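Count the sequence shown with this note's numbering and you get residues 31 to 270, in order.
Glycine included, every Cβ here is placed at the ideal spot set by N, Cα and C.
Bear in mind that the values here come from a model prediction, so they are computed numbers and not experimental data.
Structure record follows, encoded as structure tokens.
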Amino acid sequence: MPKAFLLNLLLLLSLSRYTYGQQGKLFKYCNAFDKLNSQVTNGSINRNKAAHSFSSLITKIKAVYTPSTDDKWVFPLAGYSARDIGGTHGDGYNDKGYNYFDGNKHTAHPAHDIFIDDRNHDDLDDHTQLPVNVLAVADGLVLACSNTWDAESDLRGGRYIWLYHPQQNIITYYAHNRNVFVKPGDIIKRGQKIAEVGRTGFNAYKQRSPTHLHFSAFNLTGNLPVPYNPYQALTQAARL
31 MPKAFLLNLL LLLSLSRYTY GQQGKLFKYC NAFDKLNSQV TNGSINRNKA
81 AHSFSSLITK IKAVYTPSTD DKWVFPLAGY SARDIGGTHG DGYNDKGYNY
131 FDGNKHTAHP AHDIFIDDRN HDDLDDHTQL PVNVLAVADG LVLACSNTWD
181 AESDLRGGRY IWLYHPQQNI ITYYAHNRNV FVKPGDIIKR GQKIAEVGRT
231 GFNAYKQRSP THLHFSAFNL TGNLPVPYNP YQALTQAARL
């Protein structure tokens with residue numbers, strides 16, 4: 031059975047668990063989260079107010095969204111593996127001083143950069159001459175995303191996606207994408223294509239930067255995002 035067909039079938043079965051009213055609430059809450067995330071990123075909302083809204087929206091989503099029982103991960107880049115993570119044994123990760131609510135002005139690097147073979151910086155794998163697919167590491171829900179970015183922007187994430195995984199009570203973040211193929215409120219299956227690797231974002235766009243996926247993971251502590259190092263989970267993730 032083709033993999034794409036199987037993923038679509040699983041997605042339809044997931045959606046069938048929800049009534050029309052429940053689906054409507056999920057889209058409403060996720061679109062509100064998407065708006066909040068944009069406000070946090072551009073610094074147009076007070077940090078305390080943002081934290082309160084964040085916690086409130088996560089609480090509402092948890093009340094509606096039924097967690098999957100599958101908590102296993104797949105590697106977030108199709109055709110690649112933990113060997114392509116930057117640094118040595120994950121030492122590129124640094125969350126010291128990071129606060130999500132600092133938005134685009136945040137410090138530190140609570141993430142792993144996963145590099146693709148793209149010497150000429152055209153967003154394509156040098157061997158296949160095709161875009162590299164970004165995959166959801168686990169079943170989840172799209173909280174926020176953006177498929178718009180221009181080279182004059184100072185926003186560092188470029189085209190990005192935030193996914194919520196209630197079975198693990200975590201959020202994952204995928205940045206610098208070429209194209210994004212999901213929207214807030216979408217229910218996502220593990221291994222589903224959600225984007226393609228790109229070079230969007232203030233620093234990622236520059237020629238000195240190799241093409242990569244910026245991947246982060248956050249525990250929800252008191253329904254607020256606290257970064258943690260997902261290196262071990264990435265090394266143990268299944269490859270597609």
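Rounded distance between the beta-carbons of residue j and residue i, thought under 8 angstroms
| i | j | result |
| --- | --- | --- |
| residue 173 | residue 194 | 5 angstroms |
| residue 210 | residue 153 | Actually they are not in contact, since the Cβ atoms of residue 210 and residue 153 sit about 13 angstroms apart, beyond 8 angstroms. |
| residue 169 | residue 100 | 6 angstroms |
| residue 248 | residue 261 | Contact doesn't hold; Cβ gap of about 14 angstroms is too wide. |
| residue 201 | residue 254 | Not confirmed; about 10 angstroms, so no contact. |
Straight-line gap, residue i to residue j (C-alpha atoms, nearest Å)
| i | j | result |
| --- | --- | --- |
| residue 242 | residue 206 | 7 angstroms |
| residue 138 | residue 129 | 9 angstroms |
| residue 49 | residue 91 | 14 angstroms |
| residue 106 | residue 155 | 15 angstroms |
| residue 125 | residue 159 | 34 angstroms |
| residue 256 | residue 123 | 14 angstroms |
| residue 204 | residue 244 | 6 angstroms |
Identified DSSP bridge partners for residue i
| i | result |
| --- | --- |
| residue 245 | 142, 204 |
| residue 251 | 254 |
| residue 225 | 164, 210 |
| residue 268 | 104 |
| residue 194 | 171, 201 |
Distance cut-off 7 angstroms: residue i Cβ against heavy atoms of the ligand COA
| i | result |
| --- | --- |
| residue 226 | With respect to small molecules bound, the structure shown includes none, and the ligand COA cannot be examined in it. |
Closer than 8 angstroms to chain E by CB, residue i
| i | result |
| --- | --- |
| residue 222 | Protein chain content of the structure displayed is limited to a single chain, and chain E is not contained in it. |
What runs of the alpha helix (DSSP H), each 4 residues or longer, lie entirely inside the stretch 100-188?
-> none
Please confirm if the stretch 58-73 is in contact with the stretch 81-89, defined as three or more CB-CB distances below 8 angstroms between the two stretches.
-> yes
Pairing CB atoms from the stretch 257-270 with CB atoms from the stretch 107-124, are three or more of them under 8 angstroms?
-> yes
Inside the stretch 57-100 only - alpha helix (DSSP H) runs reaching at least 4 residues = 77-94
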